[in-house]
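The listed protein sequences derive, respectively, from chains X and C.
Sequential numbering of the first sequence, starting at 0, is according to numbering that gives the first Met the number 0.
Sequential numbering of the second sequence, starting at 0, is according to numbering that gives the first Met the number 0.
Note that the Cβ used here is the ideal one computed from N, Cα and C, for glycine as well.
Note that the structure is predicted; figures quoted are calculated from it, not measured.
Beneath this line is the structure, given in structure tokens, with notes to follow.
There are 2 protein chains.
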Amino acid sequence: MARVVVDVMLKPEILDPQGQAVQRALPRLGFDGITDVRQGKRFELELEGPVDDAALARIREMAESFLANTVIEDFTVRVEESAEGTTAGAAS
Amino acid sequence: MARVVVDVMLKPEILDPQGQAVQRALPRLGFDGITDVRQGKRFELELEGPVDDAALARIREMAESFLANTVIEDFTVRVEESAEGTTAGAAS
Numbered sequence: 000m001a002r003v004v005v006d007v008m009l010k011p012e013i014l015d016p017q018g019q020a021v022q023r024a025l026p027r028l029g030f031d032g033i034t035d036v037r038q039g040k041r042f043e044l045e046l047e048g049p050v051d052d053a054a055l056a057r058i059r060e061m062a063e064s065f066l067a068n069t070v071i072e073d074f075t076v077r078v079e080e081s082a083e084g085t086t087a088g089a090a091s
Numbered sequence: 000m001a002r003v004v005v006d007v008m009l010k011p012e013i014l015d016p017q018g019q020a021v022q023r024a025l026p027r028l029g030f031d032g033i034t035d036v037r038q039g040k041r042f043e044l045e046l047e048g049p050v051d052d053a054a055l056a057r058i059r060e061m062a063e064s065f066l067a068n069t070v071i072e073d074f075t076v077r078v079e080e081s082a083e084g085t086t087a088g089a090a091s
């Protein structure tokens with residue numbers, strides 16, 4: 000079982016009200032030094048079978064036609080080596 | 000200017016109706032072989048100043064108290080080396 004991650008973010012030229020709301024809230028909450036926040040979506044797909052070039056091409060097609068609205072969003076597809084990130088903050 | 004990415008995903012034991020809706024739609028759209036989909040949020044934070052341990056600790060605190068609902072969500076914090084992913088699908 001392999002995991003492929005598709006990140007979908009608004010294009011840089013598209014206004015991101017969610018991200019702006021987060022950014023404006025941060026100083027009030029005591030977090031300074033953050034100049035920009037963008038908020039997007041992360042899809043974790045569990046594949047049966049190997050993650051070869053054909054599978055990745057299929058997922059890219061899927062992301063383009065279905066997961067992202069490519070008029071306003073960019074996406075990236077990548078294979079996740081393990082389920083854990085390097086600096087995982089596993090909250091209780 | 001450095002970029003830190005905070006990924007927020009529902010905990011594995013929490014039902015994810017958004018992800019399930021995506022997963023159920025995929026076979027109808029001609030995409031087979033995907034056994035599970037989870038959908039979460041991705042925050043891209045632009046920091047002024049260096050991304051040292053202190054900054055990362057601060058961001059982890061921020062993610063825990065503000066970006067994620069740690070009752071139902073897990074988060075990971077990581078520094079993004081460059082703005083581009085390795086398999087970036089820059090859609091038109």
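Note the first and the last residue of the continuous beta strand (DSSP E) segment covering residue i.
i     : result
X/M8  : A1 to L9
X/G39 : I33 to L46
Any beta-carbon of chain C closer than 9 Å to the one on residue i?
i     : result
X/Q38 : yes
X/R57 : yes
X/L14 : no
Run through the DSSP bridge pairs and tell me what residue i is partnered with.
i     : result
X/R77 : X/V4
C/E72 : C/L9
On the DSSP letters alone, give me the boundaries of the alpha helix (DSSP H) that residue i sits inside.
i     : result
C/G18 : P16 to R27
C/D51 : That residue, C/D51, is in no alpha helix (DSSP H); it is neither H nor E in DSSP.
Are the C-beta atoms of residue i and some chain X residue less than 9 Å apart?
i      : result
C/R160 : The structure shown does not extend to residue 160 of chain C, since chain C is modelled only from 0 to 91, so the question has no answer here.
C/E80  : no
C/A54  : yes
C/A20  : no
C/D6   : yes
C/M61  : yes
Is the beta carbon of residue i within less than 8 Å of some heavy atom of the ligand PLP?
i     : result
C/A20 : Inclusion of the ligand PLP in the displayed structure is not the case, the ligand content being empty and no account of it being possible.
Below 8 Å, how does it come out for the region 5 to 12 of chain X and the region 67 to 78 of chain X: are there three or more Cβ pairs, yes or no? yes
Any contact of the region 8 to 28 of chain X with the region 22 to 39 of chain C, i.e. 3+ C-beta pairs under 8 Å? no
Interfacial residues, the region 21 to 36 of chain X to chain C, with Cβ spacing under 8 Å: V21, A24, L25, L28, F30, G32, I33, T34, D35 and V36
Report yes or no: do three or more beta-carbon pairs, one from the region 41 to 53 of chain X and one from the region 61 to 72 of chain C, lie closer than 8 Å? no
Decide yes or no for the touch test of the region 54 to 65 of chain C against the region 46 to 60 of chain X: beta carbon pairs closer than 8 Å, at least 3 of them. no
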